[in-house]
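Numbering (the numbering used here), first residue to last: 339 to 793.
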(Lines of atoms letter the chains of each structure in order from A; the text may use other names.)
(Lines give C-alpha, C1' and ligand atoms only; values in the text may rest on other atoms or scores of the structure.)
Protein backbone atom coordinates (compact mmCIF):
# COMPACT_ATOMS: atom_id res chain seq x y z
CA UNK A 339 0.00 0.00 0.00
CA UNK A 340 1.20 3.51 -0.80
CA UNK A 341 0.63 6.61 1.32
CA UNK A 342 -1.95 7.86 -1.20
CA UNK A 343 -3.81 4.53 -1.03
CA UNK A 344 -3.79 4.68 2.77
CA UNK A 345 -5.30 8.17 2.75
CA UNK A 346 -7.98 7.02 0.31
CA UNK A 347 -8.78 4.11 2.64
CA UNK A 348 -9.59 6.42 5.55
CA UNK A 349 -11.76 8.91 3.69
CA UNK A 350 -15.05 9.26 5.55
CA UNK A 351 -13.40 8.41 8.87
CA UNK A 352 -12.44 10.84 11.61
CA UNK A 353 -8.81 11.15 12.68
CA UNK A 354 -7.46 12.40 15.99
CA UNK A 355 -3.82 13.42 16.25
CA UNK A 356 -2.48 13.69 19.79
CA UNK A 357 0.38 16.13 20.09
CA UNK A 358 1.15 18.71 17.40
CA UNK A 359 4.89 18.24 17.67
CA UNK A 360 7.69 18.01 15.11
CA UNK A 361 6.67 14.62 13.69
CA UNK A 362 2.88 14.99 13.81
CA UNK A 363 2.50 18.53 12.41
CA UNK A 364 3.39 17.68 8.78
CA UNK A 365 1.01 14.71 9.00
CA UNK A 366 -1.81 16.91 10.29
CA UNK A 367 -1.23 19.37 7.46
CA UNK A 368 -1.24 16.63 4.82
CA UNK A 369 -4.48 15.08 6.16
CA UNK A 370 -6.18 18.46 6.13
CA UNK A 371 -5.06 19.14 2.55
CA UNK A 372 -6.56 15.79 1.58
CA UNK A 373 -9.91 16.74 3.12
CA UNK A 374 -9.75 14.28 6.03
CA UNK A 375 -11.69 15.23 9.19
CA UNK A 376 -9.01 15.93 11.80
CA UNK A 377 -9.13 16.88 15.46
CA UNK A 378 -5.86 18.02 17.04
CA UNK A 379 -5.43 17.15 20.73
CA UNK A 380 -2.63 19.02 22.50
CA UNK A 381 -1.86 19.78 26.16
CA UNK A 382 -0.85 23.31 25.24
CA UNK A 383 -3.42 26.09 25.33
CA UNK A 384 -4.32 28.03 22.20
CA UNK A 385 -2.22 30.92 23.46
CA UNK A 386 0.78 28.63 23.94
CA UNK A 387 0.38 27.13 20.46
CA UNK A 388 0.09 30.57 18.89
CA UNK A 389 -0.07 30.75 15.09
CA UNK A 390 -0.06 26.95 14.78
CA UNK A 391 -3.52 26.72 16.37
CA UNK A 392 -4.80 29.45 14.08
CA UNK A 393 -3.28 27.69 11.07
CA UNK A 394 -4.91 24.35 11.93
CA UNK A 395 -8.31 25.93 12.53
CA UNK A 396 -8.12 27.90 9.28
CA UNK A 397 -7.38 24.63 7.46
CA UNK A 398 -10.47 22.98 8.91
CA UNK A 399 -9.20 21.13 11.96
CA UNK A 400 -11.08 20.87 15.22
CA UNK A 401 -8.99 21.60 18.30
CA UNK A 402 -9.01 20.08 21.78
CA UNK A 403 -6.45 21.99 23.83
CA UNK A 404 -5.31 22.47 27.40
CA UNK A 405 -5.32 20.22 30.45
CA UNK A 406 -8.47 18.34 29.37
CA UNK A 407 -7.24 17.64 25.85
CA UNK A 408 -7.72 13.87 26.20
CA UNK A 409 -11.29 13.91 27.46
CA UNK A 410 -12.97 13.80 24.04
CA UNK A 411 -11.11 11.12 22.10
CA UNK A 412 -14.08 10.16 19.94
CA UNK A 413 -12.33 9.73 16.57
CA UNK A 414 -12.13 6.51 14.53
CA UNK A 415 -8.32 6.59 14.24
CA UNK A 416 -5.94 8.03 16.82
CA UNK A 417 -2.30 8.93 16.16
CA UNK A 418 -0.51 9.25 19.49
CA UNK A 419 2.54 11.31 20.30
CA UNK A 420 5.50 9.13 21.46
CA UNK A 421 5.51 10.67 24.93
CA UNK A 422 1.96 9.47 25.67
CA UNK A 423 1.96 5.76 26.42
CA UNK A 424 -0.76 3.46 25.00
CA UNK A 425 -1.78 2.32 28.49
CA UNK A 426 -2.80 5.88 29.48
CA UNK A 427 -6.40 5.65 30.70
CA UNK A 428 -8.01 7.81 28.00
CA UNK A 429 -6.16 6.03 25.20
CA UNK A 430 -7.00 2.60 26.63
CA UNK A 431 -10.67 3.56 26.85
CA UNK A 432 -10.69 4.81 23.26
CA UNK A 433 -9.11 1.58 22.05
CA UNK A 434 -11.61 -0.47 24.06
CA UNK A 435 -14.52 1.25 22.29
CA UNK A 436 -13.00 0.34 18.92
CA UNK A 437 -10.74 3.22 17.93
CA UNK A 438 -7.59 2.31 15.98
CA UNK A 439 -4.58 3.45 18.01
CA UNK A 440 -1.42 4.00 15.97
CA UNK A 441 1.35 6.54 15.40
CA UNK A 442 3.09 8.43 12.62
CA UNK A 443 6.11 6.11 12.90
CA UNK A 444 4.06 2.91 12.95
CA UNK A 445 2.26 3.96 9.77
CA UNK A 446 5.57 4.91 8.14
CA UNK A 447 7.02 1.47 8.85
CA UNK A 448 3.97 -0.25 7.38
CA UNK A 449 4.25 1.74 4.12
CA UNK A 450 8.01 2.21 3.61
CA UNK A 451 9.01 0.71 0.23
CA UNK A 452 12.76 0.46 0.91
CA UNK A 453 14.85 -1.54 3.42
CA UNK A 454 14.72 -0.25 7.01
CA UNK A 455 17.61 -0.38 9.48
CA UNK A 456 16.39 0.66 12.93
CA UNK A 457 18.34 1.26 16.14
CA UNK A 458 17.20 1.33 19.75
CA UNK A 459 18.83 0.91 23.17
CA UNK A 460 19.51 2.86 26.32
CA UNK A 461 22.77 4.47 25.16
CA UNK A 462 24.51 5.10 21.88
CA UNK A 463 21.37 5.16 19.71
CA UNK A 464 21.96 8.47 17.98
CA UNK A 465 25.68 7.97 17.31
CA UNK A 466 25.15 4.42 16.04
CA UNK A 467 22.21 5.50 13.85
CA UNK A 468 24.23 8.39 12.44
CA UNK A 469 27.24 6.16 11.72
CA UNK A 470 24.99 3.67 9.88
CA UNK A 471 23.60 6.54 7.83
CA UNK A 472 27.10 7.80 7.01
CA UNK A 473 28.26 4.30 6.03
CA UNK A 474 25.33 3.81 3.66
CA UNK A 475 25.73 7.26 2.12
CA UNK A 476 29.43 6.65 1.58
CA UNK A 477 28.52 3.36 -0.12
CA UNK A 478 26.28 5.20 -2.57
CA UNK A 479 22.84 4.71 -1.06
CA UNK A 480 20.18 7.40 -0.98
CA UNK A 481 19.50 7.51 2.77
CA UNK A 482 16.44 8.73 4.67
CA UNK A 483 17.35 9.42 8.32
CA UNK A 484 14.49 9.71 10.79
CA UNK A 485 12.75 8.62 13.96
CA UNK A 486 14.22 10.46 16.92
CA UNK A 487 16.71 12.23 14.65
CA UNK A 488 16.53 13.66 11.16
CA UNK A 489 13.25 14.84 9.68
CA UNK A 490 9.71 13.39 9.86
CA UNK A 491 9.55 10.81 7.09
CA UNK A 492 5.92 9.77 6.69
CA UNK A 493 4.90 12.62 4.39
CA UNK A 494 8.08 12.14 2.32
CA UNK A 495 7.17 8.56 1.33
CA UNK A 496 6.07 9.44 -2.24
CA UNK A 497 9.72 10.40 -2.88
CA UNK A 498 11.14 7.06 -1.62
CA UNK A 499 12.56 4.47 -4.04
CA UNK A 500 13.01 0.72 -3.50
CA UNK A 501 16.79 1.04 -3.73
CA UNK A 502 16.98 3.67 -1.00
CA UNK A 503 17.64 2.95 2.68
CA UNK A 504 15.69 4.22 5.68
CA UNK A 505 17.72 4.52 8.90
CA UNK A 506 15.75 5.13 12.08
CA UNK A 507 16.49 5.81 15.72
CA UNK A 508 13.54 4.53 17.75
CA UNK A 509 12.83 5.13 21.42
CA UNK A 510 10.95 2.87 23.82
CA UNK A 511 8.11 5.43 23.70
CA UNK A 512 7.79 5.01 19.94
CA UNK A 513 8.16 1.23 20.07
CA UNK A 514 5.71 0.57 22.88
CA UNK A 515 2.82 -1.55 21.51
CA UNK A 516 3.99 -0.88 17.95
CA UNK A 517 3.63 -3.35 15.09
CA UNK A 518 7.00 -2.82 13.50
CA UNK A 519 8.65 -4.34 10.41
CA UNK A 520 12.39 -3.76 10.08
CA UNK A 521 14.95 -5.46 7.85
CA UNK A 522 17.79 -4.95 10.33
CA UNK A 523 17.20 -4.13 14.01
CA UNK A 524 20.01 -3.05 16.34
CA UNK A 525 19.76 -2.97 20.14
CA UNK A 526 22.86 -1.18 21.40
CA UNK A 527 22.45 -2.06 25.09
CA UNK A 528 19.90 -1.91 27.86
CA UNK A 529 19.91 -0.39 31.34
CA UNK A 530 17.14 1.11 33.50
CA UNK A 531 15.80 4.26 31.83
CA UNK A 532 12.55 6.23 31.53
CA UNK A 533 11.09 4.45 34.53
CA UNK A 534 9.00 7.58 35.17
CA UNK A 535 7.04 6.71 32.01
CA UNK A 536 7.02 2.92 31.81
CA UNK A 537 4.96 0.64 34.03
CA UNK A 538 8.19 -0.98 35.28
CA UNK A 539 11.59 -2.07 33.98
CA UNK A 540 10.15 -5.17 32.29
CA UNK A 541 7.72 -2.95 30.39
CA UNK A 542 10.74 -0.96 29.14
CA UNK A 543 12.59 -4.15 28.14
CA UNK A 544 9.57 -5.53 26.27
CA UNK A 545 8.90 -2.24 24.49
CA UNK A 546 12.37 -2.41 22.97
CA UNK A 547 11.65 -5.93 21.67
CA UNK A 548 9.05 -4.56 19.25
CA UNK A 549 11.89 -3.36 17.03
CA UNK A 550 12.44 -6.95 15.86
CA UNK A 551 9.31 -8.98 16.70
CA UNK A 552 7.70 -8.06 13.37
CA UNK A 553 10.67 -9.16 11.28
CA UNK A 554 10.44 -11.98 8.74
CA UNK A 555 12.74 -14.98 8.85
CA UNK A 556 15.16 -13.08 6.59
CA UNK A 557 15.33 -10.14 9.01
CA UNK A 558 18.36 -9.65 11.20
CA UNK A 559 18.73 -8.67 14.85
CA UNK A 560 22.08 -7.19 15.92
CA UNK A 561 22.87 -7.48 19.64
CA UNK A 562 25.72 -6.56 21.97
CA UNK A 563 27.10 -9.90 23.11
CA UNK A 564 27.80 -8.66 26.64
CA UNK A 565 24.40 -7.14 27.32
CA UNK A 566 22.51 -8.89 30.10
CA UNK A 567 19.32 -8.91 28.02
CA UNK A 568 20.84 -10.22 24.77
CA UNK A 569 19.89 -13.85 25.34
CA UNK A 570 16.31 -12.85 26.18
CA UNK A 571 15.99 -10.97 22.91
CA UNK A 572 17.80 -13.59 20.83
CA UNK A 573 15.37 -16.26 22.04
CA UNK A 574 12.38 -14.27 20.74
CA UNK A 575 13.47 -13.12 17.30
CA UNK A 576 11.77 -14.65 14.25
CA UNK A 577 14.82 -13.77 12.13
CA UNK A 578 18.58 -14.21 12.32
CA UNK A 579 20.89 -12.97 15.09
CA UNK A 580 24.37 -11.52 14.76
CA UNK A 581 26.57 -9.92 17.38
CA UNK A 582 29.06 -7.19 18.19
CA UNK A 583 31.54 -7.20 21.06
CA UNK A 584 34.54 -5.26 22.39
CA UNK A 585 37.33 -7.19 24.06
CA UNK A 586 36.55 -10.66 22.76
CA UNK A 587 35.73 -12.48 19.55
CA UNK A 588 32.27 -13.50 18.34
CA UNK A 589 31.72 -16.28 15.84
CA UNK A 590 29.05 -14.45 13.85
CA UNK A 591 29.46 -10.70 13.87
CA UNK A 592 31.85 -7.78 14.42
CA UNK A 593 34.31 -7.45 17.27
CA UNK A 594 37.39 -5.69 18.62
CA UNK A 595 40.16 -7.86 20.07
CA UNK A 596 41.59 -4.92 22.00
CA UNK A 597 43.75 -3.66 19.18
CA UNK A 598 41.80 -3.96 15.93
CA UNK A 599 38.20 -4.10 14.71
CA UNK A 600 37.08 -7.14 12.74
CA UNK A 601 34.00 -7.93 10.71
CA UNK A 602 33.22 -11.63 10.38
CA UNK A 603 36.91 -12.38 10.81
CA UNK A 604 38.10 -9.68 8.37
CA UNK A 605 40.23 -6.89 9.83
CA UNK A 606 38.72 -3.47 9.11
CA UNK A 607 41.03 -1.07 10.98
CA UNK A 608 43.05 -0.56 14.15
CA UNK A 609 41.20 0.87 17.13
CA UNK A 610 43.70 3.75 17.29
CA UNK A 611 42.58 4.86 13.81
CA UNK A 612 39.01 5.67 14.95
CA UNK A 613 38.61 9.43 15.17
CA UNK A 614 35.96 9.42 17.92
CA UNK A 615 37.34 8.84 21.44
CA UNK A 616 36.01 6.33 23.96
CA UNK A 617 35.41 2.60 24.24
CA UNK A 618 31.68 3.20 23.91
CA UNK A 619 32.31 4.60 20.43
CA UNK A 620 34.23 1.44 19.52
CA UNK A 621 31.00 -0.42 20.33
CA UNK A 622 28.97 2.09 18.31
CA UNK A 623 31.14 1.48 15.25
CA UNK A 624 31.04 -2.29 15.69
CA UNK A 625 27.24 -2.19 15.89
CA UNK A 626 27.11 -0.04 12.73
CA UNK A 627 29.57 -2.29 10.90
CA UNK A 628 27.43 -5.31 11.72
CA UNK A 629 24.17 -3.58 10.81
CA UNK A 630 25.52 -2.79 7.32
CA UNK A 631 27.23 -6.14 6.69
CA UNK A 632 26.39 -7.16 3.12
CA UNK A 633 25.53 -3.59 2.14
CA UNK A 634 28.73 -1.61 2.86
CA UNK A 635 32.30 -2.73 2.13
CA UNK A 636 35.05 -2.99 4.74
CA UNK A 637 36.97 -0.27 2.90
CA UNK A 638 34.08 2.18 3.27
CA UNK A 639 33.74 1.24 6.96
CA UNK A 640 37.41 2.03 7.53
CA UNK A 641 37.22 5.36 5.73
CA UNK A 642 34.14 6.54 7.66
CA UNK A 643 35.61 5.45 11.02
CA UNK A 644 38.75 7.47 10.34
CA UNK A 645 36.82 10.59 9.29
CA UNK A 646 33.58 10.74 11.30
CA UNK A 647 33.85 13.54 13.88
CA UNK A 648 30.76 12.73 15.93
CA UNK A 649 27.35 14.21 16.71
CA UNK A 650 26.67 17.45 18.60
CA UNK A 651 26.17 17.11 22.38
CA UNK A 652 28.03 13.77 22.47
CA UNK A 653 31.49 14.31 23.96
CA UNK A 654 31.66 17.43 21.80
CA UNK A 655 34.72 19.61 22.39
CA UNK A 656 33.27 23.12 22.77
CA UNK A 657 36.49 25.03 23.26
CA UNK A 658 39.84 25.09 25.01
CA UNK A 659 40.48 28.21 27.10
CA UNK A 660 43.46 28.92 29.34
CA UNK A 661 44.51 25.28 29.05
CA UNK A 662 41.08 23.95 30.10
CA UNK A 663 39.00 21.76 27.76
CA UNK A 664 35.21 22.14 27.89
CA UNK A 665 33.25 19.11 26.66
CA UNK A 666 29.52 18.99 26.01
CA UNK A 667 28.02 15.54 26.63
CA UNK A 668 24.48 16.74 27.24
CA UNK A 669 23.20 13.51 25.67
CA UNK A 670 24.36 11.88 28.92
CA UNK A 671 20.82 11.69 30.27
CA UNK A 672 21.22 8.39 32.12
CA UNK A 673 23.82 7.13 34.62
CA UNK A 674 25.11 4.49 32.21
CA UNK A 675 25.67 7.09 29.50
CA UNK A 676 27.55 9.37 31.87
CA UNK A 677 29.68 6.47 33.09
CA UNK A 678 30.61 5.77 29.46
CA UNK A 679 31.60 9.42 29.06
CA UNK A 680 33.77 9.26 32.17
CA UNK A 681 35.55 6.20 30.81
CA UNK A 682 36.37 8.12 27.62
CA UNK A 683 38.27 10.80 29.57
CA UNK A 684 42.08 10.52 29.63
CA UNK A 685 42.24 12.13 33.07
CA UNK A 686 39.71 12.74 35.84
CA UNK A 687 37.40 15.63 34.85
CA UNK A 688 35.46 18.27 36.69
CA UNK A 689 31.97 17.03 35.89
CA UNK A 690 28.56 18.73 35.99
CA UNK A 691 25.74 16.33 36.89
CA UNK A 692 22.06 16.52 37.78
CA UNK A 693 18.70 17.29 36.25
CA UNK A 694 15.20 15.88 35.91
CA UNK A 695 14.47 12.75 37.96
CA UNK A 696 13.64 9.68 35.81
CA UNK A 697 13.65 7.49 38.94
CA UNK A 698 16.77 5.59 37.90
CA UNK A 699 19.10 4.31 40.68
CA UNK A 700 22.21 6.44 41.09
CA UNK A 701 24.34 3.94 43.06
CA UNK A 702 26.44 2.86 40.03
CA UNK A 703 26.95 6.51 39.10
CA UNK A 704 28.07 7.35 42.63
CA UNK A 705 30.72 4.64 42.51
CA UNK A 706 31.92 5.75 39.07
CA UNK A 707 32.20 9.39 40.16
CA UNK A 708 34.26 8.42 43.19
CA UNK A 709 36.63 6.44 40.97
CA UNK A 710 36.80 8.62 37.85
CA UNK A 711 36.02 12.27 38.69
CA UNK A 712 38.26 14.99 40.13
CA UNK A 713 35.37 17.25 41.20
CA UNK A 714 31.60 16.94 40.91
CA UNK A 715 29.36 19.99 40.59
CA UNK A 716 25.73 19.01 41.18
CA UNK A 717 22.72 20.97 40.01
CA UNK A 718 19.06 20.37 39.20
CA UNK A 719 16.32 18.31 40.83
CA UNK A 720 18.46 15.21 41.40
CA UNK A 721 21.44 16.92 43.03
CA UNK A 722 20.74 15.61 46.53
CA UNK A 723 20.11 12.05 45.29
CA UNK A 724 23.39 11.97 43.40
CA UNK A 725 25.28 13.40 46.37
CA UNK A 726 23.82 10.67 48.59
CA UNK A 727 24.92 8.02 46.08
CA UNK A 728 28.45 9.48 46.04
CA UNK A 729 28.68 9.56 49.83
CA UNK A 730 27.48 5.95 50.05
CA UNK A 731 29.95 4.70 47.45
CA UNK A 732 32.92 2.57 48.59
CA UNK A 733 36.08 4.59 49.02
CA UNK A 734 34.37 7.97 48.96
CA UNK A 735 35.91 9.27 52.19
CA UNK A 736 39.42 8.25 51.08
CA UNK A 737 39.10 9.49 47.51
CA UNK A 738 39.36 13.20 48.23
CA UNK A 739 36.58 13.80 45.71
CA UNK A 740 35.24 17.34 45.95
CA UNK A 741 31.45 17.67 45.65
CA UNK A 742 29.76 21.05 45.20
CA UNK A 743 26.03 21.84 45.03
CA UNK A 744 24.79 24.78 42.97
CA UNK A 745 21.03 24.87 42.18
CA UNK A 746 21.36 27.38 39.33
CA UNK A 747 22.63 25.77 36.12
CA UNK A 748 24.42 28.89 34.84
CA UNK A 749 26.14 29.40 38.18
CA UNK A 750 27.09 25.70 38.25
CA UNK A 751 28.88 26.04 34.91
CA UNK A 752 30.72 29.12 36.09
CA UNK A 753 31.65 27.36 39.35
CA UNK A 754 33.07 24.39 37.44
CA UNK A 755 35.11 26.76 35.27
CA UNK A 756 36.45 28.60 38.34
CA UNK A 757 37.65 25.31 39.85
CA UNK A 758 39.52 24.26 36.71
CA UNK A 759 43.27 24.58 36.31
CA UNK A 760 45.36 24.30 33.11
CA UNK A 761 45.25 20.70 31.93
CA UNK A 762 41.78 20.05 33.38
CA UNK A 763 38.61 19.09 31.54
CA UNK A 764 35.17 20.44 32.42
CA UNK A 765 32.61 17.86 31.33
CA UNK A 766 28.86 18.39 31.13
CA UNK A 767 27.37 14.90 31.41
CA UNK A 768 24.30 15.22 33.64
CA UNK A 769 23.22 11.53 33.97
CA UNK A 770 19.65 12.88 33.97
CA UNK A 771 17.06 14.24 31.59
CA UNK A 772 16.87 17.99 31.08
CA UNK A 773 13.19 18.65 31.73
CA UNK A 774 13.65 20.37 35.10
CA UNK A 775 15.16 23.40 33.35
CA UNK A 776 15.25 22.80 29.58
CA UNK A 777 13.00 21.59 26.77
CA UNK A 778 15.41 18.80 25.80
CA UNK A 779 19.06 17.77 25.99
CA UNK A 780 19.88 19.73 22.82
CA UNK A 781 18.71 22.98 24.41
CA UNK A 782 20.73 22.15 27.54
CA UNK A 783 23.82 21.48 25.44
CA UNK A 784 23.40 24.66 23.41
CA UNK A 785 23.02 26.67 26.60
CA UNK A 786 26.16 25.09 28.05
CA UNK A 787 28.00 25.92 24.84
CA UNK A 788 26.90 29.57 24.98
CA UNK A 789 27.96 29.86 28.64
CA UNK A 790 31.36 28.35 27.88
CA UNK A 791 31.91 30.62 24.87
CA UNK A 792 31.07 33.61 27.07
CA UNK A 793 33.69 32.78 29.72
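We treat Cβ as the ideally placed atom computed from N, Cα and C, and that holds for glycine.
When the options are compared against residue i, the one with the closest alpha-carbon
i	options	result
residue 555	793, 539, 412, 574	574
residue 743	720, 758, 521	720
residue 552	615, 373, 363, 520	520
residue 768	613, 392, 676	676
residue 776	576, 748, 763, 536	748
residue 484	492, 386, 500	492
residue 792	680, 566, 657	657
residue 724	758, 706, 738	706
residue 716	702, 741, 697	741
residue 359	536, 696, 387	387
residue 498	659, 489, 481, 614	481
residue 490	362, 655, 702, 660	362
residue 650	462, 762, 602	462
residue 385	443, 404, 612, 375	404
residue 548	755, 569, 415, 509	509
residue 594	414, 659, 564, 691	564
residue 646	448, 417, 785, 612	612
residue 567	421, 539, 413, 557	539
residue 659	512, 678, 486, 763	763
residue 708	722, 692, 663, 738	738
residue 446	376, 339, 351, 347	339
residue 432	441, 450, 410	410
residue 487	443, 718, 662	443
residue 449	787, 343, 755	343
residue 701	543, 374, 726, 412	726
residue 652	418, 500, 678, 414	678
residue 665	458, 758, 371, 375	758
Cross-strand partners of residue i (DSSP beta bridge)
i	result
residue 666	654, 766
residue 484	506
residue 440	417
residue 559	523, 579
residue 375	352
residue 659	662
residue 457	507, 524
residue 691	716
residue 401	378
Rounded distance between the beta-carbons of residue j and residue i, thought under 8 Å
i	j	result
residue 341	residue 533	With a Cβ gap of about 36 Å, residue 341 and residue 533 do not count as contacting.
residue 528	residue 460	5 Å
residue 699	residue 530	7 Å
residue 561	residue 581	6 Å
residue 770	residue 667	Between residue 667 and residue 770 the Cβ distance is about 12 Å, and since that is not below 8 Å, they are no contact.
residue 633	residue 477	7 Å
residue 537	residue 584	That belief does not hold up - the Cβ atoms of residue 537 and residue 584 are roughly 32 Å apart, past 8 Å.
residue 683	residue 765	7 Å
beta-carbon residue i near the ligand ADP non-hydrogen atom, thresh 8 Å
i	result
residue 485	Judged by which ligands are present, the structure shown has none, so any question about the ligand ADP falls away.
For this session: Would you check if there are 3 or more beta carbon pairs closer than 8 Å linking the region 350-358 to the region 373-381?
Result: yes
Exercise. Does the pairing of the region 709-718 with the region 677-688 give three or more beta-carbon distances under 8 Å?
Worked result: yes
For this session: Specify whether the region 521-529 and the region 440-456 touch according to this definition: at least 3 beta carbon pairs, one from each stretch, less than 8 Å apart.
Result: yes
For this session: Would you check if the region 414-429 and the region 580-590 touch, i.e. whether three or more CB-CB distances between them fall below 8 Å?
Result: The region 580-590 vs the region 414-429: no contact.
Exercise. Between the region 668-683 and the region 508-519, are three or more C-beta pairs nearer than 8 Å?
Worked result: Remark: fewer than three beta-carbon pairs, one from each stretch, lie closer than 8 Å, so the region 668-683 and the region 508-519 are not flagged as touching.
Exercise. Is there contact here, the region 729-736 with the region 766-783, by at least three beta-carbon pairs under 8 Å?
Worked result: no
Exercise. Counting Cβ pairs closer than 8 Å, one from the region 359-371 and one from the region 397-413, do we hit at least three?
Worked result: yes
For this session: Could you name each continuous alpha helix (DSSP H) segment of 4 residues or more that falls completely within the region 712-787, going from the start of the chain to the end?
Result: If you keep only unbroken alpha helix (DSSP H) runs of at least 4 residues inside the region 712-787, you get 721-730, 734-737, 747-757.
Exercise. Quick one: any contact between the region 432-440 and the region 503-511, if contact means 3 or more CB pairs under 8 Å?
Worked result: no
Exercise. Along the chain, which unbroken stretches of the beta strand (DSSP E) at least 3 residues long are found entirely within the region 561-622?
Worked result: The qualifying runs are 578-584, 591-594, 598-601, 604-608.
Problem set entry | Segment contact flag, the region 622-634 with the region 463-480, C-beta cutoff 8 Å, min 3 pairs | Contact between the region 622-634 and the region 463-480 is present, because at least three Cβ pairs lie under 8 Å.
Exercise. Do the region 636-643 and the region 599-614 touch if we need at least three Cβ pairs shorter than 8 Å?
Worked result: At 8 Å Cβ cutoff, the stretches touch.
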